[in-house]
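Undergrad: Each residue of the sequence shown is one higher than the one before, counting from 1 in our numbering.
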Amino acid sequence: MHIHVLPFAHYDILSNCGPDPNICCQFDFKRLNHFKCPNIAPKPITNLNIHASALKLEKSFLKMSLIQGNNIILSVWGDDFRYIELEEWHQQHDNLILLFDYINKNSKSTRIR
């Protein structure tokens with residue numbers, strides 16, 4: 001059994017998609033209209049940006065798997081006081097499912113469940 005929990009600074013989204021919180025912040029879709037990212041703000045996933053966004057997220061997950069020394073990772077998507085409004089559920093789910101489906105369909109090495 002391999003256990004590696006919270007490899008980075010915190011258990012929030014910024015610390016759980018990979019080693020760079022500036023990248024992870026772009027995938028915290030609550031920040032579309034709540035809070036802000038220090039550098040690049042998240043954008044809703046569309047047909048125009050899905051390819052670049054999916055590659056960026058997949059690369060970040062790959063970095064996390066290399067750091068953890070395992071090809072299976074658990075990424076916690078939220079923290080205390082998150083998902084208390086239905087709006088956030090839709091922001092996160094509706095954007096992430098597009099990314100996950102795209103990665104699963106187009107990547108030769110990554111499967112997200």
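Where a beta carbon is used, it is the ideal one built from N, C-alpha and C, also for glycine. Model, not experiment: these values are computed from the prediction.
If we ignore side chains and look at the alpha-carbon of each, how far apart do S65 and S107 end up?
TA: As a working mapping, residue 65 is identified with position 65 in the sequence shown. As a working mapping, residue 107 is identified with position 107 in the sequence shown. Each residue's Cα considered, the two are about 16 Å apart.
Undergrad: Would L32 pass as a contact of P21 if the rule is Cβ separation under 7 Å?
TA: Looking up residue 32 in the sequence shown gives position 32. Looking up residue 21 in the sequence shown gives position 21. No. Outside cutoff.
Undergrad: Using DSSP with H/G/I as helix, E/B as strand and the rest coil, what is C25?
TA: Mapped onto the sequence shown, residue 25 falls at position 25. Of the three classes helix, strand and coil, the one that applies to C25 here is helix, per DSSP.
Undergrad: Beta-carbon of P44 versus every beta-carbon of chain B: anything under 7 Å?
TA: No chain B appears in the structure shown, which is made up of a single protein chain.
Undergrad: What is the residue span of the alpha helix (DSSP H) that A54 lies within?
TA: For this step, residue 54 is matched to residue 54 along the sequence shown. Unbroken alpha helix (DSSP H) run through A54: 50–68.
Undergrad: CB-CB under 8 Å to W89, same chain, minus the five flanking residues each way: which ones, in chain order?
TA: Counted from its first residue, the sequence shown places residue 89 at position 89. Answer for W89: Y83, listed in chain order.
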